[in-house]
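Down below is the structure, laid out as structure tokens.
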Amino acid sequence: MIGRIGGLLGALIGGVAALRFVTQRALPRPGLIRIAGLDGEVEILRDRWGVPHIYAQSEHDLFYANGVVHAEERLWQMELNRRAATGRLSEVFGSATLGIDRFIRRVGLHRSAQADLERLDAPTLRMLRAYVAGVNWVIESRPRPVEFLLTRHRPGPWTEVDSLAWAKLMAWTLSVNWESELTRLKIINRVGLDLAAELEPVYPDGAWISAHGEDVARVASSVETSFAELLTVTGLGGIGGSNGWAVAPSRSATGSAILANDMHLAPQMPSIWYVLGLEGPDSPSERGIRVIGSSLPGLPGIVVGHNRDIAWGYTASLADVQDLFVERPHPDDPTRFARGDGWETATTIVEEIRVRGEPRWRREEVLVTSNGPIISPLIEGVDITLALRAAPLEPAATLTAGMTLLRARNWNEFRDALREWATPSLGVVYADTSGNIGYQTVGLLPVRTAGDGTLPRPGWDSAYAWKGFIPFDELPMRFNPPEGYVATANNQPMPDDYPHPLGSDWCDAYRIGRIVECLRSRDHHSVASMRELQLDTMSTAARSIVAACAEILGAEVPLDPLEREAWRRFRHWDGDIARSSPDAAMYELFRGKLLRLLYSRRLGDLTDMYLGAPPHGNVGGTSFAWRASSRLIRGLGDPTFPEKLGHRGFSWRDLILIAFGEAIAILRGSQGEEIADWRWGKIHQLSFEHPLARIGILRRWLNRGPFPIGGDTDTPLQIGASAYAPDGKVGWAPSYRQIVDLGDLPSAMGMHTTGQSGQPGSRHYADLIPMWLSGDYFALLWNRADVEAHLSEETRLLPTDEDWPRS
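For the sequence shown, the residue numbers in the working numbering are 168 to 974.
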């Protein structure tokens with residue numbers, strides 16, 4: 168599919184020089200611009216990092232300008248994301264993306280977005296409409312970015328539903344449980360329930376699925392393929408993660424609360440984030456909006472950051488908010504589905520899909536059951552299909568929550584704002600200028616009376632249907648804990664006696680364990696120590712794995728001289744996954760070889776999937792990737808584990824020696840005979856790839872990288888290293904970092920991956936990459952005097968003569 172898109176682009180290229188000229192025309196224009204419909208003057212001051220600081224005399228104008236700067240610098244990214252979310256990619260790319268569009272139309276993010284629009288409160292709707300108007304001014308008035316010319320596409324008007332559908336798509340791709348359900352199903356099919364429970368002990372009741380698993384897997388295959396293609400086109404692949412913590416004044420060197428947050432997503436070009444400052448007017452009844460932080464192009468406001476009183480950051484909670492239901496259609500009427508002793512008639516929706524180059528629109532009939540939309544096509548000879556119940560598809564007012572949060576002044580107002588938050592489910596860290604810190608889980612988390620969400624369930628059995636959602640006041644939270652800090656890293660957020668099951672797809676405890684270890688290691692933390700922790704590459708998982716293997720092997724091993732030298736230094740290694748480390752290179756290759764060797768005897772071609780690989784394609788993945796280390800450590804403690812996995816006559820010692828020898832052979836062949844010259848960064852490399860860069864000339868122009876980098880899945884600096892392919896593509900990395908000292912807001916700092924602009928001709932297209940790679944930050948300039956001291960460009964938006972001044 169991507170190859171066909173690449174062919175289309177290749178036929179349209181008329182020379183690099185022409186492309187560079189085109190990109191210059193579409194860049195933001197400094198100076199004075201008159202726009203109809205504004206209330207007053209708007210100032211857009213861009214600092215030397217390309218961050219716009221918007222000063223407006225009305226909230227309408229503030230968010231209008233928010234839409235303008237997003238569209239000026241990220242219009243192609245916004246266009247691609249809205250089309251992916253609404254199932255309209257084929258209008259641009261033709262039949263190459265028809266499978267994605269059909270799949271997305273069945274899922275129905277756009278239908279759910281329309282329902283969300285009707286739930287927004289009046290202030291949020293006004294802000295969203297102003298934002299949409301600003302985007303449309305750019306679409307109507309400014310030259311198109313180069314991607315539109317390459318694809319011979321002219322964008323249509325932006326709508327409120329486009330923004331909400333994009334938010335739904337982002338939330339859905341952060342809720343990965345349905346793919347994990349299918350992975351578990353395939354493992355049960357392959358090895359049976361007993362061994363499956365040994366491999367991942369979360370199967371309290373798998374008997375039903377074990378009898379129907381083969382048919383379910385066949386039905387699911389096309390769904391997995393379409394989802395993989397969606398991730399490839401949008402760049403949203405990569406299962407991600409995040410870190411967040413806050414320390415109280417009692418543990419702060421400055422005497423104020425300090426908050427740190429870094430969100431882990433797939434590296435892409437441009438960055439998914441856009442840093443933005445917004446300052447509006449006060450009114451007689453309330454203070455105006457004044458915030459700075461990271462925004463999502465396509466949505467108004469900021470996502471994480473701080474205002475005058477509070478700072479907040481997000482991590483994915485990894486709560487299970489999606490279930491697959493196996494549905495049995497009536498043999499004579501495919502619109503009716505079994506329910507108990509009877510049948511339920513599904514709602515039929517006709518979706519029309521326009522395909523570029525085809526004279527007629529394609530029709531897609533979508534069926535929506537009480538368990539959600541049917542997302543898989545009917546397959547001849549199989550009498551079942553799949554429905555998806557997912558919190559991101561529920562009607563909600565998440566944007567109202569996000570916009571209300573911009574004004575929150577304290578913990579109670581912060582929590583009240585987030586009561587409306589639906590998806591994605593997040594762990595939110597909090598700090599305020601009064602010295603309070605906290606943590607709050609947010610989102611719609613389903614109540615299940617039967618089943619636990621680990622596997623697909625029979626849709627005809629009402630016992631497995633959702634029974635509402637956990638009340639907000641019963642979701643996990645902490646406020647001013649006695650230890651003086653809160654921290655979250657996609658780990659289990661609740662104690663074992665918590666009354667509501669939330670899922671089982673948490674990350675290993677090693678990353679959060681290292682974060683807590685560092686937070687406890689000092690009596691008082693500073694911004695500098697927060698920065699050190701965000702960049703920390705120490706792996707407690709690596710320490711444990713190496714120690715367990717060393718205990719099994721001992722000091723002397725039957726290897727050749729170079730291998731013995733490597734083993735002697737390796738067994739005393741401290742676990743630092745540094746870019747320049749020979750030992751980190753040995754560890755990652757050794758762990759990957761040992762895992763594949765261990766599991767492949769019984770799992771065969773499912774081994775990589777069990778270690779977190781995506782079912783189809785080379786992007787995305789499942790939560791299994793986060794638990795590879797803990798499963799290996801648990802297995803190393805059981806001398807019989809290799810035999811359980813089919814290695815008759817082989818002990819742990821045998822497997823470790825084989826895997827270590829294979830790892831060293833790779834390093835010798837690729838990096839030479841000198842151990843001191845081996846580097847993890849020569850294996851572990853990250854690239855920032857543009858969705859359209861599928862052919863040589865565009866790849867060289869639009870992409871950046873590869874860059875050697877340290878860290879892995881288990882380190883606080885989480886740079887996704889696949890357990891199944893440690894020498895493969897980096898799947899996720901810190902997409903945005905922020906540190907805020909609540910006693911000194913002007914000292915706040917942030918960093919995202921590439922640059923503020925999505926336009927290849929801009930000096931801000933890739934200027935942040937060297938800073939991001941070296942662990943630097945830029946200032947989140949708070950006071951106007953500081954903005955003016957770092958001023959790069961100034962744009963003034965004025966009403967047209969007939970509009971201004973307004974009375």
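Cβ coordinates follow ideal geometry from the N, Cα and C atoms, glycine included.
Bridge partner(s) assigned by DSSP for residue i
{"i": "residue 441", "result": "462"}
{"i": "residue 705", "result": "743"}
{"i": "residue 552", "result": "494"}
{"i": "residue 776", "result": "Paired residue(s): none; residue 776 is not in a bridge."}
{"i": "residue 533", "result": "516"}
{"i": "residue 607", "result": "595, 644"}
{"i": "residue 431", "result": "408, 901"}
{"i": "residue 677", "result": "For residue 677, which the question treats as bridged, DSSP gives no partner whatsoever."}
{"i": "residue 949", "result": "Note: residue 949 sits in no beta bridge, so no partner."}
{"i": "residue 908", "result": "425"}
{"i": "residue 944", "result": "Paired residue(s): none; residue 944 is not in a bridge."}
{"i": "residue 874", "result": "853"}
Sequence-distant residues of its chain with Cβ nearer than 6 Å to residue i (five each side left out)
{"i": "residue 667", "result": "637"}
{"i": "residue 345", "result": "489, 491"}
{"i": "residue 568", "result": "584, 585, 587, 588"}
{"i": "residue 734", "result": "724"}
{"i": "residue 276", "result": "252, 332, 335, 336"}
{"i": "residue 960", "result": "197, 213"}
{"i": "residue 679", "result": "656, 658"}
{"i": "residue 934", "result": "922"}
{"i": "residue 635", "result": "614"}
Counted within 10 angstroms of its Cβ, other Cβ atoms place residue i as buried (16 or more) or exposed
{"i": "residue 528", "result": "exposed"}
{"i": "residue 508", "result": "exposed"}
{"i": "residue 867", "result": "exposed"}
{"i": "residue 967", "result": "exposed"}
{"i": "residue 937", "result": "exposed"}
{"i": "residue 579", "result": "exposed"}
{"i": "residue 671", "result": "buried"}
{"i": "residue 746", "result": "buried"}
{"i": "residue 643", "result": "buried"}
{"i": "residue 956", "result": "exposed"}
{"i": "residue 203", "result": "exposed"}
8 Å Cβ shell around residue i - same chain, five flanking residues per side excluded
{"i": "residue 321", "result": "311, 315"}
{"i": "residue 564", "result": "283, 286, 287, 288, 291, 587, 589"}
{"i": "residue 200", "result": "962, 963, 964, 965"}
{"i": "residue 797", "result": "675, 676, 677, 708"}
{"i": "residue 712", "result": "754, 758, 796, 799, 800, 803"}
{"i": "residue 513", "result": "502, 503, 504, 534, 535, 536, 541"}
Residues near residue i by beta carbon distance below 7 Å, same chain, minus five either side
{"i": "residue 484", "result": "592, 593, 594, 608, 610, 660"}
{"i": "residue 546", "result": "385, 386"}
{"i": "residue 669", "result": "486, 487, 612, 661"}
{"i": "residue 766", "result": "774, 777, 812"}
{"i": "residue 249", "result": "329, 332, 333, 465"}
{"i": "residue 167", "result": "Only positions 168 to 974 of the chain appear in this structure, which leaves residue 167 out of reach."}
heavy atom of the ligand ZN below 7 Å from residue i C-beta
{"i": "residue 674", "result": "By its list of ligands, the structure shown contains no ligand whatsoever, and the ligand ZN lies outside what it can speak to."}
Delimiting residues of the beta strand (DSSP E) encompassing residue i
{"i": "residue 854", "result": "852-855"}
{"i": "residue 836", "result": "Segment 819-838 is the alpha helix (DSSP H) holding residue 836; no beta strand (DSSP E) there."}
{"i": "residue 634", "result": "633-636"}
{"i": "residue 499", "result": "No beta strand (DSSP E) contains residue 499, which DSSP labels as neither H nor E."}
{"i": "residue 958", "result": "958-966"}
{"i": "residue 614", "result": "613-615"}
{"i": "residue 212", "result": "209-214"}
{"i": "residue 121", "result": "Missing from the structure shown is residue 121; the chain here goes from 168 to 974 and no further."}
Residue range of the unbroken alpha helix (DSSP H) whose run includes residue i
{"i": "residue 246", "result": "226-253"}
{"i": "residue 291", "result": "289-308"}
{"i": "residue 923", "result": "Per DSSP, residue 923 belongs to no alpha helix (DSSP H) and is neither H nor E."}
{"i": "residue 800", "result": "795-803"}
{"i": "residue 199", "result": "Looking at the DSSP string, residue 199 is not in any alpha helix (DSSP H); the run it does join, the beta strand (DSSP E), is 198-202."}
{"i": "residue 766", "result": "749-770"}
{"i": "residue 362", "result": "344-366"}
{"i": "residue 266", "result": "265-274"}
{"i": "residue 578", "result": "578-585"}
Cβ-Cβ separation, residue j to residue i (assumed contact under 8 Å), whole Å
{"i": "residue 897", "j": "residue 434", "result": "6 Å"}
{"i": "residue 426", "j": "residue 480", "result": "6 Å"}
{"i": "residue 217", "j": "residue 941", "result": "With 8 Å as the limit, residue 217 and residue 941 do not qualify as a contact, their Cβ atoms being about 18 Å apart."}
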